[in-house]
Every structure is written in structure tokens, then in C-alpha cells.
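Contents: one structure, followed by commentary.
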Amino acid sequence: MMQKKIAAGLAVLLAAGTILGGCGESGAAGNDSVSDAAGNEAAALTEAKTTPYGRYPETITYTLAKMTGVNNSNLPEGETYEDNAYTRLIREIINVQNEDVYENYGDTYNVGISTMIATGNIADIMVVDQKTMNAMQKNDQLADLTEVYANCASDRIKDIYASYGEEILQGCTFDGKLMAFPETNISDGPNLLWVRKDWMEKLGLSVPETIDDVKHIALTFAEENPANQEMGNIGLAVSTTLYGGTGISSEYGMNLIFASFGAYPGRWLTDAEGMPVYGSVQPNVKDALGMLADWYQEGVLDRDFLIRTQDDIADLIAQGRCGIFFAPWWAPNNPLWRCHETDPEADWQPFLIRTGKDGSVRYCNEKLTGNYVVVRKGYEYPEIVPKILSVMFDYMRYSYDDPRGEFQQYYTGNIDPTARPLAINLDYNQALTICYENLQAALNGEKSEDELEILERSFEKVCRAYLENPKTASAEEWSAYLSRIKACSLLSDEKIQRVNTIYPTRTKTTEAYRYTLKELESETFLKIIRGESELSSFDDFVKEWQEEGGDEIIQEMIQERKSLSSQEDQKAEEKTEEKTE
Numbered sequence: 170m171m172q173k174k175i176a177a178g179l180a181v182l183l184a185a186g187t188i189l190g191g192c193g194e195s196g197a198a199g200n201d202s203v204s205d206a207a208g209n210e211a212a213a214l215t216e217a218k219t220t221p222y223g224r225y226p227e228t229i230t231y232t233l234a235k236m237t238g239v240n241n242s243n244l245p246e247g248e249t250y251e252d253n254a255y256t257r258l259i260r261e262i263i264n265v266q267n268e269d270v271y272e273n274y275g276d277t278y279n280v281g282i283s284t285m286i287a288t289g290n291i292a293d294i295m296v297v298d299q300k301t302m303n304a305m306q307k308n309d310q311l312a313d314l315t316e317v318y319a320n321c322a323s324d325r326i327k328d329i330y331a332s333y334g335e336e337i338l339q340g341c342t343f344d345g346k347l348m349a350f351p352e353t354n355i356s357d358g359p360n361l362l363w364v365r366k367d368w369m370e371k372l373g374l375s376v377p378e379t380i381d382d383v384k385h386i387a388l389t390f391a392e393e394n395p396a397n398q399e400m401g402n403i404g405l406a407v408s409t410t411l412y413g414g415t416g417i418s419s420e421y422g423m424n425l426i427f428a429s430f431g432a433y434p435g436r437w438l439t440d441a442e443g444m445p446v447y448g449s450v451q452p453n454v455k456d457a458l459g460m461l462a463d464w465y466q467e468g469v470l471d472r473d474f475l476i477r478t479q480d481d482i483a484d485l486i487a488q489g490r491c492g493i494f495f496a497p498w499w500a501p502n503n504p505l506w507r508c509h510e511t512d513p514e515a516d517w518q519p520f521l522i523r524t525g526k527d528g529s530v531r532y533c534n535e536k537l538t539g540n541y542v543v544v545r546k547g548y549e550y551p552e553i554v555p556k557i558l559s560v561m562f563d564y565m566r567y568s569y570d571d572p573r574g575e576f577q578q579y580y581t582g583n584i585d586p587t588a589r590p591l592a593i594n595l596d597y598n599q600a601l602t603i604c605y606e607n608l609q610a611a612l613n614g615e616k617s618e619d620e621l622e623i624l625e626r627s628f629e630k631v632c633r634a635y636l637e638n639p640k641t642a643s644a645e646e647w648s649a650y651l652s653r654i655k656a657c658s659l660l661s662d663e664k665i666q667r668v669n670t671i672y673p674t675r676t677k678t679t680e681a682y683r684y685t686l687k688e689l690e691s692e693t694f695l696k697i698i699r700g701e702s703e704l705s706s707f708d709d710f711v712k713e714w715q716e717e718g719g720d721e722i723i724q725e726m727i728q729e730r731k732s733l734s735s736q737e738d739q740k741a742e743e744k745t746e747e748k749t750e
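What follows is the structure, encoded as C-alpha cells:
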């Protein structure tokens, strides 16, 4: 077979030589054509390397450490992480293709990344956490992305990052050089109170607005058992974690209860002097725990919450044994989707609960980012990262008409975002409000479908289908309308106030004490709520927390902040000197 290929190649060359030898002038013209073609290809390559959507004349294949999802990210049968609607669009627009040299998900993915870095066998492009990014930067393993961001990120991608302020890009900027592209975590807003409105109406209960209203409704549900369940009603559902973790909004959390006392456990905050303090050891947490302990004794809270898993609570909701809980705006997707399928008559509605006497709703902001896209130092085409991000999160959403309907099918088919080659998300910080306003305008006839981005078009169709016939709406239509319209309409309330949270870099000290201190905190709080420990045990907890590593962590954080402040002052002085010169 190889001999045949060589012979065929020689035949072509000989034929070409005969033709060129017989026509001198034609040969010159041919050389000009070749020269023009080479010039055009060079121009195309230059455009590709310096613009968001310039297409490479030849396919650029990059090696990728691929963060995947469970169940193959729910991709349609026959599709892979190297060949799906996302990768095909990227190849069509900019002629770039991923070659996955490693695929995994969860903690196992991170273990594999650590192994790759330790052995020096680094993929061209990877998604890593902050700790890994910092380590790679320290070891001089990352490409400088400053110039490619300026040239190859679309204006919209830059606007998206700008919506989070300067902090998000500063987190991956070292010595003035951008060394990664951060994922963005949109603001979910405060948790909402989700209540069975049909039960409220049956029992003559008013719309909840305050923490006292929450108590009254939960206690009434528990005492009156409106669904006449043989096993009774549990009252207010509670997660054993009590509140959302750092940077995470959580179902069944008591965040708003704590916030009503000005307490934000589990979060790092700053005091009046700008120094870091840990929210869980502040005095007002004690007051909130005292009230939760009273609620537990009175039957407001689920008496068996300590033995419930998240799945257990979802089962109780679906069975009609729970009709009130706190959760983010997306609760109709989980856990309420299954409830609607089993009991379509259940009228769940979201309510915004005021935490301040002035009617305000205070909550802690989420961490702006968690993962970063990095490029191996020395890789020839680092610009493909901002180009891919521009295709995925600008062109596809706002300009692509999806002629084959592939992405509509992805959204309705619940294809996980990890199907994208770069398993991150980029969107405006206020994306929920933007989406709600656009959907509402479209449903009111004030905007055409063509004016919506691709995801909004998908939501508009299912929301409109719900409005046309709510009684026969599918779970998908019901959940989309309840979350994207009813719940998100509450998140634009002008009384909502974000409490700034700081997210310190994890160090050896925090890693050494973190789990022990968290276990101490959880055990103390749960015992107080269940009445197994006196409220005064909170004071003992604070002292022990400080002695067992808490104070050491705080001192380390203070030194880190002072160091950063000193570096910023030095940079400011250098800039001033440059201007003077």
C-alpha cells in the first residue's frame, strides 16, 4: 500500500514537471498563484491568532485534560466529549479541535491533574482549581495570557468579566500578567422560602414576609397536617449542615434565620478595621442558635432532621409530608420537579423573607470563581482559549441561529454543561435578572424571539407553553416558569443587600486545622439546637476554636492581607514614578 502511494505521488510530480517544462509563462503564473495562496494562508493565520472569530486555515488540535460529568454528562447516544454539538460548532467557526488525553470528574479528576503536573506530562489546556493554578504559576508552568485576552476575547466576554469588578481577573493575575481565565459564578441571590400555597389557603394563613411568619406557617403545618398524612407533617425542613457552605447556596439551610440576627456562620468577613474575622464565632451567632433551639423544642423544625439526608427531605416533599423550606431560585428543578410529577395539584410558590427591621434582605455573596482555564507554558496557540470561550459564551448564545436545533435539544434534554470542552461557565453577574427581564418582555410581546439569546429562547418556549395551559403543563414547563419567572422576579427587589465575604487562599495552616475546626463547629451547633448542650456552650466553642488553630489561621490571613496591601502600594508608587518621569 505504501509503495502504491509513493508511485502515485511520483506520477503526479512527473506530470506536473512535464506541464511546467512545456509552458514557461504559465509556470510563472503558477508560481504567482502559489505565492498568492501562501500569502492568503499567512494572512488567515494572522487573523486567526489575533481576533476572536478568525478561522485557522488548518485545524488546530490541542490536548485537553477534560473535566467530565456523571453519566457521560447525559450526552445523546453516540456523542463523545470530542465529538458533540459544542465541539462541532467550535470546529466550524474557528477550526479548533480537542484531543482528550485525560477524562474524569469530581475529586478523581483533581487527583489526575496533580499526577500530570508532578510528572511534567501536562496537557496543553486544563481546568484547575485555585490552589493548583497558584502552584503551577509558582513553578513557572503557565503561559502568559495577557496579550491573547486583549486580542482574542470578544467584547462581550470582557464585559462579562467586568460585571464582577476587577477582583475576578486580579485573582489570576501575577506581576501584572494574566495567567488564567476564571470561571464565573453568577449571583443566586438570597435563599427564598418555598411554601405549599394551597395549604396556606386551606388553613387561612397569610403570605409570609418575616421570620416570625416563617415560624407561624411551619408550626401550623406541623400541627394541622394539611395533607392528612398518616406519618404527620415535619414542619420546616432543615439540612444538617444548617447553612450553605463557603461560596455555595444550599437547599434547606437556615442562612436567613442567622442573617436576621446579623450573623453569617461559615463565612469569612471583615471587621470595622478591615481585618478578617470568622462568622461562626461572632456573638450574634449565639442568639440565632438560641432561637433555633426554641423552634426545635416547639416543633417548628423537623424533629428528625439530624438523621435526614438531602434525598430523604426530597422524598418527604414529594410525599406531601413537608410544605415549607428554604432554597435558592432553582428549587423547582430540584427538589420540586419530582413533587410536581407525583402531585401536579401541589401549588408551590416562592416568597422573599425580610431579615432586617428596615425590610432589607441580607445575604452573603458567593465566591466569584472556583475553577480556572490554564494553558501550558510553551504551547504554540494559547489564543485558542479566549477564542473558544468567545464561541461558547458569546457567539453561540447571541448570534448562532442553531439551524439543526442541537442546542435546543441539549437544553431541554438536560445535557450537563460539562459536555463543553472547557467545563466552565461564563455569564454576567446579574444573569438571572437579565434573563428574567428578557423573558418577561418576550412573553408580554415586547421582544421577539430573535432578540433572545439561545438559552432564553429555550426558556421562552417552555414558559409560554406553561402559560397557555398551566393545568396540563409538563414538569419541565412548570419548573421553568416557576424558577425563571416567579422566583427570579423576586431577586430584583431593591431591598436585597449583599454582605461582602472574603475568600482567603488555602494554606498549610488552614488545611491542617480546617476539618477539625469544622467538625467542632458542627457538633456544637447541632447539640445546642437539639437541646443536648446549653446555649452557654457556644462560649466554650469559641474559646476552643481559637486555641485549636483558629487564631493561627486568622493571624496568617492578616499577614497575607498586609503583604498584598504592601505589594499594591509598591505598584502604585511605581506607576506614580513612571508618570513623573
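In my numbering, the protein residues as written are 170 to 750.
The beta carbon of each residue, even a glycine, is placed where N, CA and C say it ideally should be.
Since the model is a prediction, treat every value here as computed from it, not as a measurement.
- Query: Going by DSSP, which residues form a beta bridge with residue 296?
  - Reply: 542
- Item | Through-space distance from residue 449 to residue 428, alpha-carbon basis | 12 angstroms
- Which listed residue (287, 550 and 400) has its alpha carbon closest to that of residue 489: 400
- Message: Could you check whether residue 226 and residue 559 sit closer than 7 angstroms to each other, using their CB atoms as the reference points?
- Response: For residue 559 and residue 226, no; Cβs fall outside 7 angstroms.
- Please classify residue 639: is it buried, with 16 or more other beta-carbons within 10 angstroms of its beta-carbon, or exposed? exposed
- Give the C-beta separation of residue 374 and residue 389 to the nearest angstrom, bearing in mind that I take them to be a contact with Cβ-Cβ under 8 angstroms. That belief holds up - the Cβ atoms of residue 374 and residue 389 are roughly 6 angstroms apart, short of 8 angstroms.
- Task: With a threshold of 16 other CB atoms inside 10 Å of the CB of residue 693, please say whether the residue is buried or exposed.
- Result: buried
- Query: Where do the ends of the alpha helix (DSSP H) carrying residue 649 lie?
  - Reply: 644–650
- Between residue 261 and the ligand HEM, is the CB less than 6 angstroms from at least one heavy atom? Annotation note on the ligand HEM: not contained in the displayed structure, which lists no ligands.
- Item | Local conformation of residue 563 per DSSP, three classes | helix
- Can you list the beta strand (DSSP E) stretches of 3 or more residues lying completely in the segment 648–702, in chain order? 665–668
- Query: Which word fits residue 563, buried or exposed, when buried means at least 16 other C-beta atoms lie within 10 angstroms of its C-beta?
  - Reply: buried
- Task: Helix, strand or coil for residue 240, going by three-state DSSP, please let me know.
- Result: helix
- Which of the three DSSP states, helix, strand or coil, is assigned to residue 377? coil
- Item | Chain-order list of residues whose beta-carbon lies under 7 angstroms from that of residue 623 (same chain, five-residue window excluded) | 565, 566, 569, 571 and 576
- Could you give the distance in angstroms between the alpha-carbon of residue 730 and the alpha-carbon of residue 672? Their Cα atoms are separated by approximately 11 angstroms.
- Item | Contact with chain C by residue 250, beta-carbon distance below 7 angstroms | Absent from the structure is chain C; it holds one protein chain and no more.
- Query: Which of the three DSSP states, helix, strand or coil, is assigned to residue 536?
  - Reply: coil
- Item | The beta strand (DSSP E) enclosing residue 267, as first and last residue numbers | 265–273
- Query: Roughly how many angstroms separate the alpha carbons of residue 358 and residue 215, rounded to a whole number?
  - Reply: Here the alpha carbon of residue 358 sits roughly 43 angstroms from the alpha carbon of residue 215.
- Where the alpha helix (DSSP H) through residue 603 begins and ends: 600–612
- Considering only C-alpha positions, which residue in the set 331, 397, 294 and 653 is nearest to residue 603? 653
- Message: Taking the straight line between their C-alpha atoms, what separation do you get for residue 732 and residue 403?
- Response: 51 angstroms
- Query: Expressed to the nearest angstrom, what Euclidean distance is found between the alpha-carbon atoms of residue 193 and residue 554?
  - Reply: Model confidence at residue 193 stands at a pLDDT of 43, short of 50, so the residue's coordinates are unreliable; what they give is reported in the following sentence. Taking the straight line joining both Cα atoms gives about 47 angstroms.
- Please name the residue or residues paired with residue 445 in a DSSP beta bridge. DSSP lists 439 as partners of residue 445.
- Report the rounded CA-to-CA distance for residue 302 versus residue 522, giving the unit in angstroms. Going from the Cα of residue 302 to the Cα of residue 522 covers about 39 angstroms.
- Count the other C-beta atoms from every protein chain shown that fall within 10 angstroms of the C-beta of residue 627, then say buried if there are 16 or more, exposed otherwise. buried
- Give me the Cα-Cα distance between residue 382 and residue 524, rounded to the nearest whole angstrom. 12 angstroms
- Have a look at 231, 239, 647 and 229 and flag the residue whose alpha-carbon is nearest the alpha-carbon of residue 586. 239
- Query: So what does residue 707 bridge to, in DSSP terms?
  - Reply: According to DSSP, which records beta bridges pairwise, residue 707 is partnered with nothing at all.
- Item | Check whether residue 331 and residue 697 have beta carbons under 7 angstroms apart | no
- Beta-carbon spacing of residue 387, residue 405 below 7 angstroms: yes
- Answer yes or no: do residue 365 and residue 492 have a C-beta to C-beta separation smaller than 7 angstroms? yes
- Item | Which of helix, strand or coil DSSP assigns to residue 122 | Within the shown structure, residues of the chain are numbered from 170 to 750, placing residue 122 beyond reach of any answer.
- Task: Indicate the three-state DSSP secondary structure (helix, strand or coil) for residue 732 in the structure shown.
- Result: helix
- Can you tell which of 481, 690, 268 and 674 has its C-alpha closest to the C-alpha of residue 341? 674
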